[in-house]
Amino acid sequence: MNITEERAQQWRVDLRNAMKAKERTGIPRVHMPELDPQYRSHTLFEEVNLGLTPEMAMQEAKRCLDCANPTCMQGCPVGIYIPKFVKQVETGDFLAAARTLKETSALPAVCGRVCPQEKQCEAQCIHTKMNKDAVGIGNLERFVADYERESGNISVPETAPANGIKIAVVGSGPAGLSFAGDMAKLGYDVTVFEALHEIGGVLKYGIPEFRLPNAIVDVEINNLKAIGVKFINNCIVGKTITIDDLKADGFKGVFVGSGAGLPRFMNIKGENLVGIMSSNEYLTRVNLMDASSENSDTPVFLGKKVAVIGGGNTAMDSVRTARRLGAERAMIVYRRSEEEMPARLEEVKHAKEEGIEFMTLRNPIDFKGNVQGRVVQMTLQVMELGEPDASGRRSPVEVPGKTETIEVDEVIISVGVSPNPLIPQSVTGLEVTKWGTIVVNNDTMQTDIPMIFAGGDIVRGGATVILAMGDGRKAAASMHEWLSK
Ligand code: FAD
Ligand code: SF4
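Plus 504 on top of the position in the sequence shown (first one is 1) and you've got this note's numbering.
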């Protein structure tokens, strides 16, 4: 053990001894300040969570016991050294905490805002085993990343000398961005090709400003530019250029992080009526094309009675957007009960505070239109919960003969996504599953075509930001190993 490590260990022991464990667990969780629900349900662009102050963060950090066996870390898909950064917060060394986060997480300001912590790190925090609120790991992560950014002291990671080897990345979502960052740090010449006009994937076109401001994502993108990553937007790989073109142009490796942007529908009667669209279309138009503004060339209809079908984060984002755009009735229609909803708990809580109606155990069976072909009504089948299905959640079963009719003027379908088929279709011999996801070796993220690696939603189907990021990092490490042979 060198002298610095020894000092760090002693510092942790001293800090641990500074307060009894019982005192630490007796401190109530510090709550995140939020915008008033009445106010925020009319503003599309202001972030709901306001962030912790330094004093609040230090108080929350005191609750952490700095466990010898930190179970919280087992719940973090990228293995953030949680007690270390939390204890750095406790002592007020926020910039050191930011460096700790960056050792394993490429996008801490994003993850602190959108990760489902209550199912990951916080679910495994020792406090929960004592029937206490988990340490607010996500809130602290967000605080540290914001502090670093606002202080203007953003640390640019060290990069290895340029090796001149060209690497292409398809897609600029969290998988592509984290892959690009790690490869650039290793000295590669990285170019990210993005189909849309904006860089950031779902972080920009899906998740609304009131949950994840674009400015936060832009800082992360600028950090990548600072270490040499190049971005080419409006470029569809498989159409504008092909992977063969990239190969001919000297690219030695390709990482596919093209996501799962293909919306699913229910295939029920009336689903093609005017006023019914996918969440994907709705959110992209509002978030990237300014479609809620009167001056927009392609304005979105501002419904007053809006039903969003589904119970995930995408559904919550859509219904809360509709509310902000003036819906008097903004409804979630979900075929299971609230307990089975896949959305983050905080989003459900915020949605309820904003006046969203939750119509659970209801499933649409048809939509009816007026003479102009515009949706005006939906029929809902009442459901009950049966036995657990393959996902482990209790499956919804119809209650025979029980239906309800609800008036609507806009319906947004948010029942899941599939991988975009363009890349698999345009690359001969690339192995895909029956769901259209790309098959990879799970240890390396390499496909059956050695120069092509893949990760994120194109491999997993719709998943999470942190899993996409973890895949990008894993793929970078293994592509580097493969290219170094
Ligand atoms: P994406 O983020 O989908 O990025 C893929 C990118 O590739 C896109 O920009 C796309 O335009 C581009 N692309 C596709 N094909 C091509 C091509 N042929 N050529 C060039 N570019 C191409 N997860 C969470 O953890 N927490 C949340 O709160 C959360 N909320 C969500 C809310 C919404 C509305 C949505 C839609 C998803 C949400 N998710 C959330 C899921 C999460 O965002 C995704 O799992 C994650 O973004 C997947 O990352 P990715 O990099 O694989 O793909
Ligand atoms: Fe701290 Fe909880 Fe992790 Fe223990 S499990 S180190 S208390 S965050």
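Virtual Cβ for every residue (Gly too), placed ideally from N, Cα, C.
In the DSSP output, which residue or residues are listed as bridge partners for Ala672? Ala672 is bridged by DSSP to Thr695 and Val758.
Proximity test, Gly779 beta-carbon vs ligand 1 heavy atom, cut-off 6 Å: No, since every heavy atom of ligand 1 falls outside the 6 Å radius drawn around the Cβ of Gly779.
Is Ile780 helix, strand or coil by DSSP? Three-state result, Ile780: strand.
Please indicate yes or no: does the CB of Thr575 lie closer than 6 Å to some heavy atom of ligand 2? For ligand 2, at least one heavy atom lies less than 6 Å from the Cβ of Thr575.
Considering only residues of the same chain and omitting the five flanking positions on each side of Pro612, which have a CB-CB separation below 6 Å? Same-chain partners within the cutoff: Leu605, Glu645 and Ala649.
Please report how far the alpha carbon of Ala992 lies from the alpha carbon of Gly779, in whole angstroms. Because the chain is modelled from 505 through 989, residue 992 falls outside the range shown and cannot be assessed.
Starting from Glu850 and walking both ways along the alpha helix (DSSP H), at which residues does that stretch end? For Glu850, the uninterrupted alpha helix (DSSP H) run begins and ends at Leu849 to Glu857, by DSSP.
Where does Gly905 land, buried or exposed, given buried means 16+ other C-beta within 10 angstroms? So Gly905 counts as exposed.
Who pairs with Thr909 in a beta bridge, going by DSSP? For Thr909, which the question treats as bridged, DSSP gives the partners Thr883.
Looking only at its own chain, which residues have a Cβ that is under 6 Å from the Cβ of Arg653, when we skip the five neighbours before and after it? Around Arg653: Val723.
Proximity of Ser918 and Gly814 at Cβ, strictly below 7 Å: In this structure, Ser918 sits near Gly814, with a CB-CB distance shorter than 7 Å.
Taking 8 Å as the threshold, find out whether the region 705 to 712 comes into contact with the region 876 to 895 through three or more Cβ pairs. Fewer than three beta-carbon pairs drawn from the region 705 to 712 and the region 876 to 895 are found closer than 8 Å, and the two stretches are therefore not classed as touching.
State the CB to CB distance for the pair Arg887 and Ile910, rounded to an integer number of angstroms; the pair is presumed to be in contact (CB under 8 Å). The residue asked about is misnamed: residue 887 is Met in this sequence, not Arg. With a Cβ gap of about 15 Å, Met887 and Ile910 do not count as contacting.
Is Val889 helix, strand or coil when you go by DSSP? Reading the sequence as shown, one finds Leu at residue 889 and not Val. DSSP places Leu889 in strand when its eight states are reduced to three.
Given a cut-off of 7 Å, decide if Ala664 and Leu690 are closer than it, judged by their beta-carbon atoms. Contact flag set, yes.
Ligand 2 heavy atom lying under 6 Å from the CB of Ile584: No; taking the cut-off as 6 Å, the Cβ of Ile584 has no heavy atom of ligand 2 nearer than that.
Between Val944 and Ala958, which are expected to be in contact by the criterion C-beta below 8 Å, what is the C-beta distance as a whole number of angstroms? About 5 Å separates the two Cβ atoms, so the contact holds.
Residue range of the beta strand (DSSP E) that includes Arg768: Run containing Arg768: none; DSSP gives neither H nor E here.
Straight-line gap, Phe589 to Trp515 (C-alpha atoms, nearest Å): So the alpha carbons of these two residues sit roughly 13 Å apart.
Which of helix, strand or coil DSSP assigns to Gly814: The DSSP-derived three-state label of Gly814 is coil.
Under the three-state DSSP convention, the category Ile724 falls into: The residue you asked about is not Ile; residue 724 is Glu in the sequence shown. In the three-state scheme derived from DSSP, where H, G and I count as helix and E and B as strand, Glu724 is classed as helix.
Between the C-alpha atoms of Met687 and Met973, what's the straight-line distance to the nearest angstrom? Met687 and Met973: Cα-Cα distance of roughly 13 Å.
For Gln563, which residues of its own chain have a beta-carbon under 6 Å away from its beta-carbon, when the five flanking residues on both sides are left out? Cβ contact annotation for Gln563 (same chain, cutoff 6 Å, sequence separation greater than five): Val534, in chain order.
Could you tell me which of Val694, Val804 and Val837 sits nearest to Phe862, measuring between CA atoms? Ranked by Cα distance from Phe862, the options Val694, Val804 and Val837 are led by Val837.
Contact with chain B by Pro612, beta-carbon distance below 7 Å: Protein chain content of the structure displayed is limited to a single chain, and chain B is not contained in it.
Residues near Ala979 by beta carbon distance below 6 Å, same chain, minus five either side: The residues Phe683, Phe759, Met949, Phe957 and Gly959, in chain order, have a CB closer than 6 Å to that of Ala979 in the same chain once the five nearest residues on each side in sequence are set aside.
Distance, Val823 Cα to Asn784 Cα: Within the model, the alpha-carbon separation for Asn784 versus Val823 is close to 12 Å.
Return the residue from the list Arg827, Pro928, Lys853 and Met781 that minimises the CA-CA distance to His546. The option with the nearest alpha carbon to His546 is Arg827.
Would Glu662 be called buried (16 or more neighbouring beta carbons within 10 Å of its own) or exposed? By the C-beta density criterion, Glu662 is exposed, having fewer than 16 other C-beta atoms within 10 angstroms.
Give the range of the alpha helix (DSSP H) segment to which Met560 is assigned. Taken as a continuous stretch (DSSP letters only), the alpha helix (DSSP H) holding Met560 covers Pro558 to Lys566.
Would you call the CB atoms of Met820 and Ala855 closer than 7 Å? Against a cut-off of 7 Å, the Cβ pair of Ala855 and Met820 comes out as a contact.
Rounded separation between Asn657 and Ile731 - CA only: Near 16 Å, if we compare the C-alpha coordinates of Ile731 and Asn657.
Range covered by the beta strand (DSSP E) that runs through Ile836: Arg833 to Tyr838 is the span of the beta strand (DSSP E), which, as asked, contains Ile836.
Own chain, CB closer than 6 Å to Met835, minus 5 neighbours either side, in chain order: Short of 6 Å from the beta carbon of Met835, and not among the five residues preceding or following it, lie these beta carbons of its own chain, in chain order: Ala811, Glu861 and Met863.
What are the start and end residues of each continuous alpha helix (DSSP H) run of 4 or more residues lying completely inside the region 907 to 953, in chain order? Runs of the alpha helix (DSSP H) inside the region 907 to 953: 926 to 930.
Inter-stretch contact (C-beta, 8 Å, three-pair minimum) for the region 576 to 588 and the region 612 to 625: Flag = yes, the region 576 to 588 and the region 612 to 625 touch.
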